[in-house]
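Those letters in the sequence shown? Residues 0 to 812, per numbering that gives the first Met the number 0, in order.
Ideal Cβ placement from N, Cα and C applies to all residues, glycine included.
In what follows, a single structure is set out as structure tokens and then discussed.
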Amino acid sequence: MPQPIRAIVGRRGMAWIALLLLVLLVSAPASHALDASTRFRDYVLNNWSSAHGLPQISVLSITQDRDGFLWLGTQNGVARFDGQHFQSYERGDTGVDLSMVDAAWADAAGAVWFGTGQNLVREYRGGFEHWPSAAIYAIRGDAQGQPLLATAAGVGIWRNGRLQPIAGLAGPFFALLRQGDVLWAGGLNRLCRDSAGHTRCFALPAGASRRVTALAWNAGRLWVGTSAGLLQFDGQHFSAAPWPLLARIDIQSLLRDRAGNLWIGSIAALYRRYPDGRLETIDNTTFPPNPWIDAIFEDRDGNLWLGSHTQSLYRVANSWTARYGQDAGLDDPFVWTLAAGADGGIDIGTNGGLSKLADGKVTTLVPAGALPNPGVYSLYRDAQGALWIGTRGGVALWRQGRLSLPPVLAPLRAWQINLIDEYPRGTYWFGTQGGLYRLQAGALTRYGASPGSAAARIRALLPLANGALLLGTEDGVRELRAGHISAPAWAMPLRGHFVTSLGWLDHDTLLLTTLDAGLGLLRNGRLRLLTQQDGLPTDNAWAFASHGSEVYFSSIKGVWRVPLRMLLQPPAAAPGIRAQRVLTGNNRIGSEERTRCCNGGGGGRMLRVGDTLWLPSINGALALDMAAVRAPPAPSAPRIERLHHVQAWYATGATTRMPLGARNVEIEYTAPYLNNAAALNFRYRLTGYDNAWIAAGARRVALVHPPASRALPLRRAGTRRPRRMVGASDPRDRDSRVLVRMALAASPGRTAAGGAAAAGRALALAAPDAATATVGSAGRAAHRGTASRQSALASGQRRADRGKPQRSAHRPR
Numbered sequence: 000m001p002q003p004i005r006a007i008v009g010r011r012g013m014a015w016i017a018l019l020l021l022v023l024l025v026s027a028p029a030s031h032a033l034d035a036s037t038r039f040r041d042y043v044l045n046n047w048s049s050a051h052g053l054p055q056i057s058v059l060s061i062t063q064d065r066d067g068f069l070w071l072g073t074q075n076g077v078a079r080f081d082g083q084h085f086q087s088y089e090r091g092d093t094g095v096d097l098s099m100v101d102a103a104w105a106d107a108a109g110a111v112w113f114g115t116g117q118n119l120v121r122e123y124r125g126g127f128e129h130w131p132s133a134a135i136y137a138i139r140g141d142a143q144g145q146p147l148l149a150t151a152a153g154v155g156i157w158r159n160g161r162l163q164p165i166a167g168l169a170g171p172f173f174a175l176l177r178q179g180d181v182l183w184a185g186g187l188n189r190l191c192r193d194s195a196g197h198t199r200c201f202a203l204p205a206g207a208s209r210r211v212t213a214l215a216w217n218a219g220r221l222w223v224g225t226s227a228g229l230l231q232f233d234g235q236h237f238s239a240a241p242w243p244l245l246a247r248i249d250i251q252s253l254l255r256d257r258a259g260n261l262w263i264g265s266i267a268a269l270y271r272r273y274p275d276g277r278l279e280t281i282d283n284t285t286f287p288p289n290p291w292i293d294a295i296f297e298d299r300d301g302n303l304w305l306g307s308h309t310q311s312l313y314r315v316a317n318s319w320t321a322r323y324g325q326d327a328g329l330d331d332p333f334v335w336t337l338a339a340g341a342d343g344g345i346d347i348g349t350n351g352g353l354s355k356l357a358d359g360k361v362t363t364l365v366p367a368g369a370l371p372n373p374g375v376y377s378l379y380r381d382a383q384g385a386l387w388i389g390t391r392g393g394v395a396l397w398r399q400g401r402l403s404l405p406p407v408l409a410p411l412r413a414w415q416i417n418l419i420d421e422y423p424r425g426t427y428w429f430g431t432q433g434g435l436y437r438l439q440a441g442a443l444t445r446y447g448a449s450p451g452s453a454a455a456r457i458r459a460l461l462p463l464a465n466g467a468l469l470l471g472t473e474d475g476v477r478e479l480r481a482g483h484i485s486a487p488a489w490a491m492p493l494r495g496h497f498v499t500s501l502g503w504l505d506h507d508t509l510l511l512t513t514l515d516a517g518l519g520l521l522r523n524g525r526l527r528l529l530t531q532q533d534g535l536p537t538d539n540a541w542a543f544a545s546h547g548s549e550v551y552f553s554s555i556k557g558v559w560r561v562p563l564r565m566l567l568q569p570p571a572a573a574p575g576i577r578a579q580r581v582l583t584g585n586n587r588i589g590s591e592e593r594t595r596c597c598n599g600g601g602g603g604r605m606l607r608v609g610d611t612l613w614l615p616s617i618n619g620a621l622a623l624d625m626a627a628v629r630a631p632p633a634p635s636a637p638r639i640e641r642l643h644h645v646q647a648w649y650a651t652g653a654t655t656r657m658p659l660g661a662r663n664v665e666i667e668y669t670a671p672y673l674n675n676a677a678a679l680n681f682r683y684r685l686t687g688y689d690n691a692w693i694a695a696g697a698r699r700v701a702l703v704h705p706p707a708s709r710a711l712p713l714r715r716a717g718t719r720r721p722r723r724m725v726g727a728s729d730p731r732d733r734d735s736r737v738l739v740r741m742a743l744a745a746s747p748g749r750t751a752a753g754g755a756a757a758a759g760r761a762l763a764l765a766a767p768d769a770a771t772a773t774v775g776s777a778g779r780a781a782h783r784g785t786a787s788r789q790s791a792l793a794s795g796q797r798r799a800d801r802g803k804p805q806r807s808a809h810r811p812r
């Protein structure tokens, strides 16, 4: 097995590089169970298949190992999943037959056990060993943490390299459940209970021959899934489930989650029994038909994983959002804009007219055909309660239940209406693709650049105290003062950039968002730009809203938030922006991701009502509960996976010699994180070689150019004096960093197994081992990048910014 890398202090001829990996967390609901009150359609649902790296489409079994990785058994191999990438293991990789993996279980020591049609397989640190066996259908752990196997020949405990049968449990068994000191085993036409060595079996109700396929304890009774329906067992007698539709179908899987939901998987559908006894059928509008759910598993963070025979792998996770789309009555799910209704409802502008949401139901307010253009692009409710409707071609007015098309606004029918505002009272402003228009005293006046220019396309408007208007255009910022439009000197760095929104953070700090240039903070006439180099998850933002001590941003990539203090602190004191992603938008990982947020580029792109943030998406209106948003759970420690050099891959723990001057070494790393790992970001640095932090983003490979052989001074975080040593990161360090060590050894002679000198370089890598503290962490993530410096942008300055087991050693693919 690979050995952990150990500290070597001051050895002559040894060059040490420390790779510091910092995982920048993204937000995911950090509960430890699915919220039982949430509608299934409002959960986050992701889907992965063989196109994403699974060895085969049918996921038959699921478990989670000690380090946090998910392991999946399929019909043609197993896969380890870190939340983002699959590492597949098949016969060609391991030398072990890994077909039809019907059972999977992880022990506390870090090993993962698999049951196939003819083998018991054990994986540990990338190595596989196997033992011939009768077909294995289920694996669980006994009270001492040893594997319990349900096989075609009976139930037994795997101990000391052999299966020790349990008396009275001979013959085929397909399902196991431990409940305290009691072991339940489901076989062919019988259910057996073993307690303290005493076994008793109960015959299933008379009728068709059936296998017991799954067992779960819920609501004070045992639920028995069979190939011919769902049963209940009270300890003495069986009874049919209280739902006729489940009385005869083939039940494939059962799971009681920590919230008290009972999940029931079948070929035809997925079902949920709520804690109050209600049954929910997950219909075809929110889940694929005939999903054939072979496996149901709950991970440590409360996510639900579904293994499908036909649709591969699903994750069901808590969400902070509720979605109101076609299933709620919305005629067109493509939502552009939102406004607060006069009676407490929400007005929704879509590609197909104007709708209203009230009491969880959506009704049509103005059909598409009654508008100058069917696409409602912006909404504004004025001081008198009238609703102004900006479309992709003209303006309409909804007042006291009646729609009108004011003739004075006829010239606007040529333009898309991006925003509508009222300032001062009774004076209306229309930002369009053809310029800025003012409606005052019944007269319509146009301002701005010639139609067709980027500066004429008005996307944002902000009244100033001196009576002027600040305008966000597709060519930066403009100011309208005394009827004349000009470009402020401070805004010159924004020329050529699409400004999407403008607003105040406090009484003297203005915040602006852009399509692709990040955020702008204006204070005392000086503009400070913040981008991904400063810690933002993206340089795009559509709109923003403050909530308590946080500022929320919508973007192409979803919703993220930043502490208000980080935006307001002086640049010299700013350690970088620590953004927390709250909602992933347009997630391409799985076809079933349904948020698809957020739409932007005009007025009404974000609406705050108390603690609820309303957002437009292409799948309906989203309501985000900001009061429920919590910090994300911490991922497991990052770990080195393998090294690549000159078209060859080397596993952790392997040693190889490279010629002097060898360059371009690639080191793959990962961190298991099952809570939206697509948005997990990494930073790393090569201490003693390149002390600058490298923002790798979602990339999980470090590109290393080894230096010449020399002793490299390493610096512990929080100290000034270099230390000529390598060690686990100190828990007392200010910064929360994870230290993963690599050794580069060079000497003038040749290195043999005993350590004699040899020409060339020896590179040794080892997977971190939690038991030996080769990975250290000090609390929460702390490094936040380099502060963006405030500059006088008026001058044009801008920051550039295993019987005897048969063993097999796996070689990474």
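Which residues bound the beta strand (DSSP E) around residue i?
| i | result |
| --- | --- |
| L253 | 250 to 255 |
| R458 | 457 to 462 |
| V581 | 579 to 583 |
| Y821 | The chain is shown only over 0 to 812; residue 821 falls outside these bounds and no answer can be derived. |
| H483 | 483 to 485 |
| S545 | 542 to 546 |
| D293 | 292 to 297 |
| A338 | 334 to 339 |
| H644 | 638 to 644 |
| T611 | 611 to 616 |
Are the Cβ atoms of residue i and residue j separated by less than 8 Å?
| i | j | result |
| --- | --- | --- |
| L493 | A516 | yes |
| P164 | W104 | no |
| A152 | Y136 | no |
| P631 | A670 | no |
| S265 | D282 | no |
| E549 | L563 | yes |
| R220 | F232 | yes |
| L509 | L521 | yes |
| G434 | R445 | yes |
| L59 | G306 | yes |
| L203 | W613 | no |
| L438 | P410 | no |
| G471 | T431 | no |
Is it right to say residue i is buried, meaning 16 or more other beta carbons lie within 10 angstroms of its own, or is it exposed?
| i | result |
| --- | --- |
| Q251 | buried |
| K360 | exposed |
| N663 | exposed |
| H197 | exposed |
| E297 | buried |
| N523 | exposed |
| R199 | exposed |
| L566 | buried |
| E128 | buried |
| D346 | buried |
| A395 | buried |
| D358 | exposed |
| P634 | buried |
| S87 | buried |
Start and end of the alpha helix (DSSP H) containing residue i?
| i | result |
| --- | --- |
| R564 | 563 to 567 |
Assuming the contact rule is C-beta atoms closer than 8 Å, residue i and residue j should be a hit. Round their C-beta distance to whole Å, please.
| i | j | result |
| --- | --- | --- |
| W674 | N302 | At residue 674 the sequence reads Asn, which differs from the Trp that was named. Rounded, the Cβ-Cβ distance is 7 Å, consistent with contact. |
| W648 | G600 | Not quite, the Cβ-Cβ distance comes to about 45 Å (not below 8 Å), so this is no contact. |
| L526 | L501 | Wrong, their Cβ atoms sit about 13 Å apart, outside the cutoff. |
Is there at least one Cβ from chain C nearer than 8 Å to residue i's Cβ?
| i | result |
| --- | --- |
| L582 | Absent from the structure is chain C; it holds one protein chain and no more. |
- request: Jot down the residue ranges of each uninterrupted beta strand (DSSP E) in the stretch 79 to 106, minimum 3 residues, whole runs only, in chain order.
  value: 85 to 88, 102 to 105
- prompt: Residue ranges of each beta strand (DSSP E) run of no fewer than 3 residues wholly in the stretch 348 to 373, ordered along the chain?
  reply: 352 to 357, 360 to 366
query: Counting only runs that start and end within the stretch 388 to 462, where is the beta strand (DSSP E) found for 3 or more residues in a row?
result: 394 to 398, 401 to 403, 416 to 421, 427 to 431, 434 to 439, 442 to 446, 457 to 462
Completely contained beta strand (DSSP E) runs for the stretch 119 to 182, where each covers 3 or more residues: 126 to 131, 135 to 140, 146 to 150, 153 to 158, 161 to 169, 172 to 178
field: Secondary structure, beta strand (DSSP E): runs of 3+ residues fully inside the stretch 189 to 223
entry: 189 to 194, 197 to 202, 211 to 217
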